[in-house]
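Numbering (full-length UniProt numbering), first residue to last: 1 to 283.
In this text, a Cβ means the ideal position worked out from N, Cα and C, and glycines have one as well.
Below is one structure, written out as structure tokens, with a few remarks after it.
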């Protein structure tokens, strides 16, 4: 069987890059069809971020000072970039669980028998996760607008902010892919995908002003790739509160560039590791 498979793979038409893109899109379509048939996956993925928006806005909103303001409206606008970023990164756990489930069910062995690019399985999965994340962001943005969130910059900057969020989500989906390939069960992938995300998102500027943190935590938060994207989105959305003092750390002074650099580095590193892990698992 392997000899036949190798022969077909060598004689398959098209250049390797074009074939890899085509195969990735086929896998992405397969995962999106699955999502359409199981809409509760998307619905349940929206419950947690909506709960965070409501709880932080109405329970903590009047008690947390950001910049020189402690008003609920100022905190609501400050908060939303953090909620958006948390939502796209928490999708990592779902990506890892999905890949672990495919491994557990033997789907990877079926893909091995097909004349397809090895990295297409993971690329297609992460592209499908990116589409799901995009849909989630759209719904969450509508909910945010309903409760009073507003942007104060032009449409182009707002799109750049959401683009940075999607890039960060795509980068983190490769971390989820590596976790999913490294564990034995979907349950372990879900736990492994969340356990490191909580300190990453909470030791950041997502929910509070990092200037008010203890010194050692503030430095961690300022160089956190998650914080760079949150800060960039606040600038792109015009959601920096009155009297807010931007930290002196380079990622906070240049958050858009810092967000881009962090996301590209994460993609380059974890895609390489994930594809290598996939190849060794399928060998």
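The shortest CA-to-CA distance from residue 179 to any of 239, 38, 43 and 194 is the one to 194. Residue environment analysis places residue 27 among the buried positions, since at least 16 neighbouring C-beta atoms fall within 10 angstroms of its C-beta.
Per the C-alpha coordinates, the member of 122, 84, 144 and 35 positioned closest to residue 279 is 122.
Taken in chain order, the stretch 13–39 contains no complete beta strand (DSSP E) segment of 3 residues or longer.
In this structure residue 248 is exposed. Its beta-carbon is surrounded by fewer than 16 other beta-carbon atoms within 10 angstroms. Rounded to whole angstroms, the separation of the alpha carbons of residue 17 and residue 141 is 36 Å. Secondary structure of residue 66 (DSSP, three-state): strand. Two segments are said to touch when three or more pairs of C-beta atoms, one from each, lie closer than 8 Å; by this definition the stretch 76–92 touches the stretch 196–203.
Excluding sequence positions up to five before and after residue 225, its CB lies within less than 6 Å of the CB of 262, all in the same chain and listed in chain order.
DSSP places residue 211 within a helical segment (H, G or I) once states are collapsed to three. A Cβ-Cβ contact shorter than 7 Å links residue 81 with residue 230. Here DSSP, grouped into helix, strand and coil, assigns residue 257 to helix. One alpha carbon belongs to residue 232, the other to residue 161, and they sit about 7 Å apart.
Annotation: residue 152 is outside any alpha helix (DSSP H) and is labelled neither H nor E by DSSP. The way I'd put it, the stretch 118–134 does touch the stretch 24–39; three or more beta-carbon pairs between them come closer than 8 Å. Between residue 124 and residue 23, the alpha-carbon positions lie close to 8 Å from each other. The alpha-carbon separation between residue 103 and residue 181 amounts to approximately 7 Å. Under the three-state reduction of DSSP output, residue 241 falls in the coil class, being neither helix nor strand. Within the same chain, 203 come within 6 Å of residue 220 by CB-CB distance, once the 5 residues on both sides are set aside.
Bounds of the alpha helix (DSSP H) holding residue 195 are 186–195.
In summary, residue 56 is buried, with 16 or more beta-carbon neighbours lying within 10 Å of its beta-carbon over all protein chains present. If you draw a 10 Å sphere on the C-beta of residue 149, you find 16 or more other C-beta atoms in it, and that means buried.
When DSSP states are grouped into helix, strand and coil, residue 117 belongs to the coil group. Looking at 77, 223 and 191, the one whose alpha-carbon comes closest to that of residue 251 is 223.
Taking a C-beta distance under 7 Å as the contact criterion, residue 117 and residue 215 do not qualify as a contact pair. A residue is called buried once 16 or more other Cβ atoms fall within 10 Å of its Cβ, and residue 52 is buried on that count.
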